[in-house]
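For reference, the structure is listed below as structure tokens.
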Ligand SMILES: [Zn+2]
Ligand SMILES: [Zn+2]
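Residue numbers (the working numbering): 257 to 338.
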């Protein structure tokens, strides 16, 4: 599975962190397919981290995961929109 920015192809690192837009906890958004481990808020848009070499644009999390195989993608779509 390859996760990368659909706009610039930046690949998040293992220790890349985003801030939850609801509770401000630092989380790796891809560990839980966009779900905050603290407040369970679901992020549908993912910021491409410019200070780690990304382009600074927001993209839907599904676009980041376009390299996923189909079964996994279906599972995650189900998870996202349940
Ligand atoms: Zn949160
Ligand atoms: Zn980018």
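Idealized CB from N, CA, C, for every residue including glycine.
In chain order, what residues have a CB nearer than 6 Å to some heavy atom of ligand 1?
Those residues having their beta-carbon less than 6 Å away from any non-hydrogen atom of ligand 1 are, in chain order, 276, 278, 279, 281, 292, 294, 295 and 297.
Would you tell me roughly how many angstroms separate the C-alpha atoms of residue 277 and residue 299, rounded to the nearest one?
The straight-line gap from Cα to Cα measures roughly 8 Å.
For residue 274, name the three-state secondary structure that DSSP assigns.
In the structure shown, residue 274 sits in a strand (DSSP, three-state: E or B).
CB-CB under 6 Å to residue 290, same chain, minus the five flanking residues each way: which ones, in chain order?
Within the same chain, Cβ atoms closer than 6 Å to the Cβ of residue 290 are found at 298, 299 and 317, the five residues on either side in sequence being excluded.
Measuring only from the beta carbon, is residue 320 closer than 7 Å to any heavy atom that is part of ligand 2?
No, ligand 2 has no heavy atom inside 7 Å of this Cβ.
Rounded C-beta distance between residue 311 and residue 321? I'm assuming under 8 Å.
Your pair residue 311 and residue 321 does not check out as a contact, with CB atoms roughly 17 Å apart and the cut at 8 Å.
Residue 266 beta carbon near ligand 2 (any heavy atom closer than 7 Å)
Here the distance from the Cβ of residue 266 to the nearest heavy atom of ligand 2 is below 7 Å.
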